[in-house]
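Participant:
In structure tokens:
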């Protein structure tokens, strides 16, 4: 980690967040919107873009080690795509405890939830956001997440001279 990156983290701790759609969803406006919302809240965002294959999501998250994974769908197939992707994420030991949320238009059925929320929570999502209150609820969810301290981010490396072990000790 470079000194300027560390200095920025000390001044303004934030979450590292991956935003993505799923393989069947070609929409990008929703991803850009979510990225802007999260950046406005002070977080760092990696946007994987539209039509992201499951394996690319998992590999990217393994590389990034995000504090939160945000999946968005507006084509109505999020129910099925999301259930498939969350199985892959939860099946990866390094990502199993990472908070993952999904939102948008998750089913092609109009109106009622039809059990989509319960189904996706049972599949392993930590949050499901749909409907008119989705963004407000999403913001509240993100605000409640613990922000890692700079010491946690650098592996608790001693930073004060008196914490260092003298040479030859």
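Numbering (my numbering), first residue to last: 4 to 172.
C-beta: ideal position from N, C-alpha, C; glycine also.
(1) Within 8 angstroms, do at least three Cβ pairs link the stretch 82-94 to the stretch 21-37?
(2) Which ranges does the beta strand (DSSP E) cover as unbroken runs of at least 3 residues, wholly within the stretch 27-54, from first to last along the chain?
(3) Can you tell me whether residue 149 is buried or exposed, with buried defined as 16 or more other CB within 10 angstroms of its CB?
(4) So, residue 107 versus residue 63, is the Cβ gap smaller than 9 angstroms?
(5) Quick check on residue 34: buried or exposed, where buried means 16 or more other Cβ atoms within 10 Å of its Cβ?
(6) For the alpha helix (DSSP H) containing residue 59, name the first residue and the last one.
(7) What is the DSSP secondary structure of residue 145, counted as helix, strand or coil?
(8) Would you call the CB atoms of residue 109 and residue 98 closer than 9 angstroms?
Facilitator: With the structure as the only source:
(1) yes
(2) 47-50
(3) Reading the chain shown from its first residue, position 146 is the one you call residue 149. Result: exposed.
(4) Counted from its first residue, the chain shown places residue 107 at position 104. Counted from its first residue, the chain shown places residue 63 at position 60. No.
(5) Here residue 34 refers to the residue found at position 31 when the chain shown is read from its first residue. When all chains shown are included, residue 34 counts as buried.
(6) By 1-based counting over the chain shown, the position of residue 59 is 56. Start and end: 57-67.
(7) Here residue 145 refers to the residue found at position 142 when the chain shown is read from its first residue. DSSP places residue 145 in helix when its eight states are reduced to three.
(8) By one-based count along the chain shown, residue 109 stands at place 106. By one-based count along the chain shown, residue 98 stands at place 95. Not a contact, by the Cβ cut-off of 9 angstroms.
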